[in-house]
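Below is one structure; the comments refer to it alone.
Protein chains in written order, with the numbering used here: chain A, 190 to 402; chain B, 190 to 402.
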C-alpha cells in the first residue's frame, strides 16, 4: 500500500549540510517534531554504500513517526531500504521507468521547472510534482533558472497533481506560495544547518497553517 | 540464465573519453571487432536519464555479438536495460545487496584493491573481481593507491574467483599481468579515445593470447 503523504512542509535533507549521518537523523527528528510532514534524502556527492546506510538510519527513525522517506534519484537505494518513495528530476530516470522499477505502491515525485514539464507529467504515474526553483538557491548546483512567485502562480493554474514549491524558500515566503496554489513548500537550508531545526520547522509550519489541509 | 563471460580483454567504456553516446557505440563495436570480450559502461559524471539511453544503445549494439554489457555502480540502470551484469566498487552498494537487487542471473563484479578486500569477497555471490589500480591511472579520479605488478601477483595467489587486472594498463603490460595470474586485463584509455580502437584492441589481445582460455 502506498504510504499516505502530506506535502505541507517537505524537508529535503542534505546530510552534508547538517552534520553528516548522525546530525542528519537528529535534524530530521527535530524537524518532524516541529511540523515537517515528509522527508527526502538528497546527497548528490555521496557514493552509494554511504547512501544505503544513511537511508536505512533515516527510515528507522521516521517509520515510527509515520513520516514517509523519499529517496532522491537513486532507485536502487530506495528499493534496498524499502523507502516510501522516490523523487526524480528531469535529468534522472524518466518517471515511466521509475514507476516500472518501484511498482505501484511507492510514492513517485517529479521535478518540474516550466509549463512544458508540467504539461508532460505522465498522469496516473506520478504522485506529486516539485516545482521550482522559485527563488535562487545555493544548495542545488545544477538547478534550473529561477521561476519567481508570479510565474509559479501561473504554473499552479495548470497543475493536475499535488505540487510542492521548492528553491530558496524560507520564512516569510510560505504564505505567498501557498496562496499561489502550492500544496506545500520544500526547504533545505531553512531547516538543515539551522541552530534549532525544530523551531525553524515550527515557524515555517505556522506560516503555512492557514492553508494546511 | 547468466550470460557467459570471458574476462581476457575487458573494455571499461567511458563515453566522455570516446565521443559521447555515438562515439561510444562505435568505439565499443570496433573494440569488439579487435578482440574485446566484455564491455562495462562507466560514466561517473552522467545523470541517469542519459545513462539509460547510452546503456540501451550499447546493449542493442553488443547483444547480437554475444558480448555481455556490465553497468558500473547504477543497479537501477542495469535493471531497466536488462544488462548482463553490474560492477560495484568498495564504496558502491555492497555485493550482498547488489545480488539481492539483480537476482541470481546477472553477472556481479566487485573491485578489490588489497588482500583484505579479496579476503572479504562473499563467496557464491560475486562472479569476478577487478583488482587494481595496478598502475597509475588518469581515468578514475577516486582510485585507490597503486598496487604495482609484484603486489598484484601476490594478490592473485589468494584469489578464489576469476580476476581482471585494472588501472593504467596498456600495451607491453598485458603478458606480465596474465603471467602474474590475471584472467584478463581491463583497459580504458588504451582503447577509448585511441585513433584506431580496433587495432588497439587487437594488439592488446595478441599480447595476452598465450594465456587466453
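No residue lacks a Cβ here, since even glycine has one placed at the ideal position from N, Cα and C.
The residue among 221(B), 267(B), 341(B), 230(B) with its C-alpha nearest the C-alpha of residue 256(B) is 221(B).
Close CB contacts of residue 379(A) within its chain, under the 8 Å cut and outside five residues either way in sequence, are with 358, 359, 360, 389, 393 (chain order).
Contact check for residue 322(B) against residue 355(B) passes: the beta carbons are separated by less than 8 Å. Spanning the alpha carbons of residue 219(B) and residue 212(B) requires a straight line of approximately 10 Å. Residue state for residue 261(A) is assigned as strand, using DSSP reduced to three classes.
A straight line joining the alpha-carbon of residue 316(B) with that of residue 289(B) spans about 14 Å.
Look at residue 251(A) here: in three-state DSSP terms it is helix.
Annotation: residue 233(B) to residue 350(A) spans about 33 Å, alpha carbon to alpha carbon. For residue 208(A), the closest of 383(A), 399(A), 341(A) by C-alpha to C-alpha distance is 383(A). For residue 230(A) and residue 294(B), the gap between their C-alpha atoms comes out near 31 Å. In this structure, residue 284(A) lies near residue 314(A), with their beta-carbon atoms less than 8 Å apart. Taking 9 Å as the Cβ-Cβ cut-off, the region 265–290 of chain B approaches chain A at 265, 266, 267, 268, 269, 277, 278, 279, 280, 281, 282, 283, 286, 287, 289, 290, given in chain order.
The C-beta separation of residue 397(A) from residue 364(A) comes to about 7 Å, placing the pair in contact by the 8 Å criterion. The three-state secondary structure of residue 317(B), taken from DSSP, is strand. Taking a Cβ-Cβ threshold of 9 Å, none of the residues of chain A is close to residue 372(B); the smallest such distance is about 26 Å.
Contact check for residue 296(B) against residue 273(B) passes: the beta carbons are separated by less than 8 Å. Contact check for residue 345(A) against residue 370(A) passes: the beta carbons are separated by less than 8 Å.
Listed along chain A, the residues sitting closer than 7 Å to residue 236(B) by beta-carbon distance are 280, 281. The beta carbon of residue 200(B) lies closer than 6 Å to those of 220, 225, 228, 380 in the same chain, with the five residues before and after it left out. Between residue 205(A) and residue 235(B), the alpha-carbon positions lie close to 21 Å from each other. Across the set 308(B), 329(B), 387(B), 264(B), the C-alpha of 264(B) shows the shortest separation from the C-alpha of residue 287(B). Rounded to the nearest whole angstrom, the CA to CA distance from residue 248(A) to residue 339(B) is 45 Å. Taken in chain order, the unbroken stretches of alpha helix (DSSP H) that lie wholly in the region 313–360 of chain A and span 4 residues or more are 338–346.
Just so you know, the alpha carbons of residue 196(B) and residue 348(B) end up roughly 15 Å apart. Residue environment analysis places residue 262(B) among the buried positions, since at least 16 neighbouring C-beta atoms fall within 10 angstroms of its C-beta. Taking the Cα positions, residue 275(B) is about 11 Å away from residue 282(B).
Residue burial annotation: residue 362(A) is buried, with at least 16 other C-beta atoms found within 10 angstroms of its C-beta. When 7 Å is used as the limit between beta carbons, residue 306(A) is near no residue of chain B, the shortest such separation being about 13 Å.
Take the alpha-carbon of residue 343(A) and the one of residue 300(A): they are about 16 Å apart. Residue 217(A) places its beta carbon less than 8 Å from that of residue 250(A).
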